[in-house]
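Enquirer: Counting in the UniProt record's numbering, the sequence shown runs from 1 upward without gaps.
All C-beta atoms, glycine included, are put in the ideal place defined by N, C-alpha and C.
Let me begin by handing over the structure; questions about it come next.
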Amino acid sequence: MACYDVWRISYGVFMIAFLAVGLTYTVVEAQAPDGCTFALGMKSGYIKDDQLTASSWNTTWYYQPWEARLNGSRAWQTNTTDPSPWLQVDLRGPVAPRYITSVQTQGLWQGWIASYSVQISNDTTDWIPYEKNFTGNNDGKSIVHVDVDPPIYANFLRIYPNTCHGALCRLRMELIGCDGIDHCVNRTCLNNGTCVDGLDNYSCACVPGFTGNDCGINIDECVSGPCQNGGSCIDGVNGYNCTCAPGYTGQTCGIDIDECLLDPCQNGGSCIDGVNGYNCTCAPGYTGQTCGTDINECFSGPCQNGGSCTDRVNGYNCTCAPGYTGQTCVIDIDECLPDPCQNGGSCIDGINGYNCTCAPGFTGQTCGIDIDECLLDPCQNGGSCIDGINGYNCTCAPGYTGQTCEIDIDECQTSPCENGSTCIDGVNGYNCTCTPGYTGQTCVIDINECLSGPCQNGGSCTDEVNGYNCTCAPGYTGQTCVIDINECVAGPCQNGGTCTDRVNGYNCTCAPGYTGQTCVIDIDECLPDPCQNGGSCIDGINGYNCTCAPGFTGQTCGINIDECLLDPCQNGGSCIDGVNGYNCTCAPGYTGQTCGTDIDECQTGPCQNGGSCIDGVNGYNCACAPGYTGQTCVIDIDECLSGPCQNGGSCTDGVNGYNCTCAPGYTGQTCGTDFDECLSDPCQNGGTCTDGVNGYNCTCATGYTGQTCVIDIDECVSGPCQNGGSCTDRVNGYICACAQGYTGQTCGTDIDECLLDPCQNGGTCIDGVNGYNCTCAPGYTGQTCLIDIDECLSGPCQNGGSCIDGVNDYNCTCAPGYTGQTCGTDIDECQSGPCQNGGSCIDRVNGYSCTCAPGYTGQTCVLDIDECLSGPCQNGGSCTDGVNGYNCTCAPGYTGQTCGTDFDECVSGPCQNGGTCTDGVNGYNCTCAPGYTGQRCVIDIDECQTGPCQNGGTCIDGVNGFNCTCAPGYTGQTCGIDIDECLSFPCENGGSCIDGVNSFNCTCAPGYTGQTCETEIDECLSGPCHNGGTCTDGVNGYSCTCAPGFTGQTCGIDIDECLSGPCQNGGTCTDGVNGYNCTCAPGYTGQTCVISKAYYMEK
């Protein structure tokens, strides 16, 4: 080891100086400058990653040396196998080495260095231990600061952990010091800016109002647009002036000048401030720009009908001409208000009087007289008149009607004659001339033409008007059902069948080959299923054809076709016959349905990885793709065996090639190229990039920091702006936007708003933040004490009095009828005693009203009331006025105080037999109980006079009614209902019932007979089934079960078994009973001639 000498010097700097000869070191005298307390860049990244190296690090968790940055998320951790680990820092700066005056250390989580030592070097070859050890951390979070005394001045520094927390030696740190160079020498900051020395650089601290790297830029305070409301801004040094638009004031023209402060609105008007002006909202009764004009409400002439107007504040009073009243004298006094007109008469008001328009039936001045309409004797033909209100009622003599009994009652008006009959009116009665087919008193009886039994052969008769209809039994027709219907006329038998007519039916004798009731069914010869082996049968006329399933042939498909006869199997394959096919057993090496295909061994794709297959005889060869080998090309040739990757790159074999994963810092196909990390130009904002191995270093331009120089140093972080001012960061400086009320570079000065002396009229100003308060002298108010307090605002004047404001006082001008300081006293107009004749006075506002003694009226009770004016005497009585009363002299026939009582003639009970008496004027009317008539209801009405009982019924008169004794076969109140004997449903088995007079007829459904259709007709009694067939009776029919060999509805047809053509191959068929015989053509035999004699011979 080289020898060296170290000792402490008086200036306190631990320093290395290389001698020109040999390896000996000595100490040169030097001194650390004042203020050598800059962070050298471990935390900020100013010391780059490539300036940090270590003897080892933890490779498992990547705790690498460039992670050893204070407050970083990771740390440097030693490798546990390193016996003497160290962390090295390259302290060389752009212009000089570094002084170190203190060290800050920090652990991470559960690992830290408890103590450490330091060595320094100028060339990383020879290292000098520092003279003492340092105390480290006791947890993974806290920062421990230790001073380095004497300071260190060197190019390189190493930290050697002495003791750690367990095996986890983790370190994060910062170095404090400087570069020892005063960068402010020969540097000038403009505009009185101060140069501040820094690490490897300097900065200018500008005075307020200037900015820029050398403070050469005057900050334009107008850029932020501080002048509001259209004010123009003039920039100054560290400030600005605003020239405000008209109507605005204040430092930023933000204050709207309040033109209302001078209180321009008079007479209680309220002022609304505007921009450079104001508007007055006047109190009611005033107008004008400043509310100085009293509105003359009499100007519009509101008092009508000759009334005189007196103007007031916000109002007027009308003195009305006699006969009118109301606020504007528009109300005519209505003399009709006592409602003098009686009996619904309408009153028409006049001037100081009225007229009565009487309701119909009344007359007189007050409509109190009822007009007697019976005086003219309007009722004719002996009718009696009953007077009513505005009318009369006539009680007519029997046989007359109408309002005046002038109409003879027409008994034909009710149309008593029915069914189109003609009515002939008589005196209190009528006669009916009936239309053909009807009879009876009112022609309600329909003559039954069916009573003679016109319908024959069991036909049912339906009665009609003046006629009948016959519903014939099945098989018959005609008006009286005498014609037997021939069912064969329609030709029901088809396909040449012969028709035989029967009663309500027919029989068809079918031509050969057809059957069924109408010979429409073609006999299906396929029904015995003659086709074998799945063949399908196609029916023909008197025969059939077989469509054989594949593999079969013959007339009935009984022969299996041998497909091997053509020898289909190739290349020596053997054939095995099947149904509709064959199978080939191929010789080895062949395949396919006929063994015609040579097996291709390449079809299974044996050659892998893109190898191509060449088929051979019972084999194949593989031509492999580049990069593969082996019989089936499954072996990948390893191109990495030659070791192509350089500089520690790892080789990954590929198909016919390889890929190199290069070690950090290298690139190229074989990792032979050192990658230049500066090519991407990572250093931003004018920073200079220096390439390294697997990394780079950025030398940042002034005002920027960070690994890639992207961080603009934020001077606002220290919060220089006071009192809520907002800070805007600039390059190497800041600007404070002060809150309202503050000013200065850092917003530390409170603006004194009282400087302009805003408080008027002797008010005292107290400054506040962005404002002020005025303490006003007595009698004034408002923000600036401009407003004289209006004592009228509290509304002291009562009862509509108008207030005139004074200085700390007011006067009230009272409305008419009031007096006093506040107009609170009502003037009593009754004090002069205006009400006469004992009337009592009630005081009103600006007036009075008199409550008069009985019998007097008028405003002052001087008028005697004429009680006769209302016309109290009714029914023509004459009225004599008195004091507070009247007397009525009644017309003959009336009585009572007002002659309103009519004498009741019904008191003697003149109406008999329950009749109701209605009193009239000097008379009465009787409303008779039902069944009685006459002036006094003594005549019993004969209800039988109208002949209400029909169909020969006898009428018995009763009181208000009658009873009919009906002739046999009829019922109902007037014997008009024919009793329906069909209601009991006597006809059975679906028979229809036809009602008759006291009887009924049943029209039976087909197949039934008897009086009530109770008997079923047995169609088998006639023995319709032939040839031994069995008959089964049905409803309106029968069915025959034929003996074998016969068919048809009556089993009359011998079935021709030869129709289906059973004899094949030209055989002749002879029909028999329930069978046939085939005479076969030569060469065939069998029951149906399907067997070839040649076939038997081959077998």
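Could you have a look at Phe675 and say whether DSSP puts it in helix, strand or coil?
Expert: Taking the first residue of the sequence shown as position 1, residue 675 is located at position 675. Coil at Phe675, not helix or strand.
Enquirer: How many angstroms separate the CA atom of Pro816 from the CA atom of Cys320?
Expert: Numbered from 1 along the sequence shown, position 816 holds the residue referred to as residue 816. Numbered from 1 along the sequence shown, position 320 holds the residue referred to as residue 320. C-alpha separation (whole angstroms): 16 angstroms.
Enquirer: Any heavy atom of the ligand NAD inside 7 angstroms of the beta-carbon of Asn495?
Expert: The ligand NAD is not part of the structure shown, which contains no ligands of any sort.
Enquirer: Using the Cα positions of Gly763 and Cys785, report the straight-line distance between them to the nearest angstrom.
Expert: The residue labelled residue 763 in the question sits at position 763 within the sequence shown. The residue labelled residue 785 in the question sits at position 785 within the sequence shown. Spanning the two alpha carbons is a distance of roughly 6 angstroms.
Enquirer: Out of Leu756, Ile713, Gly768 and Glu715, state which residue places its alpha-carbon closest to the alpha-carbon of Gln740.
Expert: As a first step, residue 740 is located in the sequence shown; it is residue number 740 there, counting from the start. The option with the nearest alpha carbon to Gln740 is Gly768.
Enquirer: So what does DSSP say about Trp66, is it helix, strand or coil?
Expert: To locate residue 66, count along the sequence shown from 1; it is residue 66. Residue state, collapsed to three classes: helix.
Enquirer: Give me the residue from Thr708, Gly605 and Thr37 with the minimum Cα distance to His145.
Expert: Within the sequence shown, numbered from 1, the residue matching residue 145 stands at position 145. Among Thr708, Gly605 and Thr37, the Cα nearest to that of His145 belongs to Thr37.
Enquirer: Measure the alpha-carbon distance for Asp1056 versus Thr462 and round it to whole angstroms.
Expert: Translated into positions along the sequence shown, residue 1056 becomes position 1056. Translated into positions along the sequence shown, residue 462 becomes position 462. So the two alpha carbons sit approximately 51 angstroms from each other.
Enquirer: Can you have a look at Arg158 and say buried or exposed, based on whether 16 or more other CB atoms are within 10 angstroms of its CB?
Expert: The residue labelled residue 158 in the question sits at position 158 within the sequence shown. Buried is the call here.
Enquirer: In or out: Glu753 buried (at least 16 other Cβ within 10 Å) or exposed?
Expert: Walking along the sequence shown from the start, residue 753 turns up at place 753. Buried.
Enquirer: Use the C-beta contact count for Pro530: other C-beta atoms within 10 angstroms, 16 or more gives buried, fewer gives exposed.
Expert: Locating residue 530 in the sequence shown gives position 530, where the first residue counts as 1. Buried, because 16 or more other Cβ atoms sit within 10 Å of the Cβ of Pro530.
Enquirer: Write down the C-beta distance between Asp750 and Asp729 rounded to the nearest angstrom, noting that I regard them as a contact closer than 8 angstroms.
Expert: Residue numbering aside, residue 750 sits at position 750 when the sequence shown is read from its first letter. Residue numbering aside, residue 729 sits at position 729 when the sequence shown is read from its first letter. With 8 angstroms as the limit, Asp750 and Asp729 do not qualify as a contact, their Cβ atoms being about 25 angstroms apart.
Enquirer: Go ahead and pull the three-state DSSP assignment for Phe299.
Expert: Within the sequence shown, the letter at position 299 stands for residue 299. Here Phe299 sits in helix by DSSP.
Enquirer: Please report the straight-line C-alpha distance between Thr1088 and Gly1052, rounded to a whole angstrom.
Expert: Stepping through the sequence shown from its first residue, residue 1088 is reached at position 1088. Stepping through the sequence shown from its first residue, residue 1052 is reached at position 1052. Rounded to the nearest angstrom, the two C-alpha atoms are 27 angstroms apart.
Enquirer: Any idea if Leu199 is buried or exposed, counting beta-carbon neighbours within 10 angstroms, 16 or more meaning buried?
Expert: Position 199 of the sequence shown, counted from the start, is the residue given in the question as residue 199. Leu199 should be labelled buried.
Enquirer: Taking the beta strand (DSSP E) that Pro208 belongs to, which residues open and close that run?
Expert: Along the sequence shown, one-based indexing puts residue 208 at 208. Premise fails: Pro208 is in no beta strand (DSSP E) and is neither H nor E.
Enquirer: Once you ignore the five residues that flank Asp790 on each side, which residues in its own chain have a CB closer than 8 angstroms to its CB?
Expert: On the sequence shown, residue 790 is found 790 positions in, with the first residue counted as 1. Contacts found: Gly268 and Asp805.
Enquirer: What separation, rounded to the nearest whole angstrom, lies between the Cα atoms of Val28 and Pro85?
Expert: Within the sequence shown, the letter at position 28 stands for residue 28. Within the sequence shown, the letter at position 85 stands for residue 85. Below a pLDDT of 50, predicted positions are generally treated as unreliable, and Val28, at 36, falls in that range; the measurement from the model is reported next regardless. In a straight line, the C-alpha of Val28 is about 30 angstroms away from that of Pro85.
Enquirer: Can you tell me where the beta strand (DSSP E) holding Gln104 begins and where it ends?
Expert: As a working mapping, residue 104 is identified with position 104 in the sequence shown. Arg98 to Gln106 is the span of the beta strand (DSSP E), which, as asked, contains Gln104.
Enquirer: How is the beta strand (DSSP E) around Gly171 delimited, first residue to last?
Expert: Position 171 of the sequence shown, counting from 1, holds the residue named residue 171. The sequence shown places Leu at residue 171, rather than the Gly named in the question. Taken as a continuous stretch (DSSP letters only), the beta strand (DSSP E) holding Leu171 covers Arg170 to Cys178.
Enquirer: Count the other CB atoms within 10 Å of the CB of Ala54; is the residue buried (16 or more) or exposed (fewer)?
Expert: Walking along the sequence shown from the start, residue 54 turns up at place 54. Its Cβ being crowded by 16 or more others within 10 Å, Ala54 is buried.
Enquirer: For Tyr848, which residues from the same chain have a beta carbon less than 7 angstroms from its beta carbon, with the 5 sequence-adjacent residues on both sides left out?
Expert: Along the sequence shown, read from residue 1 onward, the residue named residue 848 stands at position 848. Correct list, in chain order: Glu829, Cys830, Pro834, Cys841 and Ile842.
Enquirer: How do the region 163 to 176 and the region 88 to 107 stand: do at least 3 beta-carbon pairs fall below 8 angstroms, yes or no?
Expert: yes
Enquirer: Got a sec, what are the start and stop residues for the beta strand (DSSP E) His1026 sits in?
Expert: The count along the sequence shown starts at 1 and reaches residue 1026 at position 1026. Note, His1026: premise wrong, no beta strand (DSSP E); not H, not E.
Enquirer: What number of angstroms, rounded off, separates the C-alpha of Gly1015 from the C-alpha of Val1035?
Expert: Within the sequence shown, the letter at position 1015 stands for residue 1015. Within the sequence shown, the letter at position 1035 stands for residue 1035. In the sequence under discussion, the amino acid at residue 1015 is Thr, which differs from the Gly named in the question. When rounded, the distance between both Cα atoms is 11 angstroms.
Enquirer: Leaving out the 5 sequence neighbours to the left and right, which residues in its chain are closer than 6 angstroms to Asn884 when beta-carbon positions are compared?
Expert: Indexing the sequence shown from 1 puts residue 884 at position 884. Result list for Asn884: Pro854 and Gly855, in chain order.
Enquirer: If you count every other CB in all the chains shown that lies within 10 Å of the CB of Leu1021, and 16 or more means buried, which is it?
Expert: Here residue 1021 corresponds to residue number 1021 of the sequence shown, with the count starting at 1. With fewer than 16 other Cβ atoms within 10 Å, it is exposed.
Enquirer: Classify Arg98: buried if its beta carbon has 16 or more other beta carbons within 10 angstroms, exposed otherwise.
Expert: Stepping through the sequence shown from its first residue, residue 98 is reached at position 98. Arg98 should be labelled buried.
Enquirer: Alpha carbon to alpha carbon, how far is Ile483 from Asn998? Give it in angstroms, no decimals.
Expert: The count along the sequence shown starts at 1 and reaches residue 998 at position 998. The count along the sequence shown starts at 1 and reaches residue 483 at position 483. Their backbone Cα atoms lie some 30 angstroms apart in a straight line.
Enquirer: Taking Cys303 as the reference, which of Pro284, Asp294, Gly326 and Gln289 has the closest Cα?
Expert: On the sequence shown, position 303 is the one that residue 303 refers to. The residue with the shortest Cα to Cα distance from Cys303 is Gly326.
Enquirer: Suppose contacts are defined by Cβ-Cβ distances below 8 angstroms. Is Ala737 in contact with Ser224 by that definition?
Expert: Your numbering for residue 737 matches position 737 in the sequence shown. Your numbering for residue 224 matches position 224 in the sequence shown. Yes.
Enquirer: Apart from the five residues just before and just after Ile766, which ones in its own chain have a Cβ nearer than 6 angstroms to its Cβ?
Expert: To locate residue 766, count along the sequence shown from 1; it is residue 766. Excluding positions up to five away in sequence, the list reads Asn773.
Enquirer: Below 6 angstroms CB to CB, which residues in the same chain sit around Phe299 once its five sequence neighbours on both sides are set aside?
Expert: Residue numbering aside, residue 299 sits at position 299 when the sequence shown is read from its first letter. Excluding residues within five positions, none has a Cβ falling inside 6 angstroms.
Enquirer: What does the Cβ neighbour count give for Thr24, buried or exposed, with the cut at 16 atoms within 10 Å?
Expert: Counted from its first residue, the sequence shown places residue 24 at position 24. Only weak support exists for where Thr24 lies, its pLDDT of 34 falling under 50; the value from the coordinates is given anyway. Classification of Thr24: exposed, given that the 10 Å Cβ count is below 16.
Enquirer: Looking at the strands, I want to know which residues DSSP matches up with Arg74.
Expert: Taking the sequence shown and counting its residues from 1, the one referred to as residue 74 is at position 74. For Arg74, which the question treats as bridged, DSSP gives no partner whatsoever.
Enquirer: Excluding the 5 residues flanking Thr708 on each side, which residues of the same chain have their C-beta closer than 8 angstroms to its C-beta?
Expert: Within the sequence shown, residue 708 is the residue found at index 708, counting from 1. Same-chain partners within the cutoff: Pro682, Cys683, Gln684, Gly687 and Cys698.
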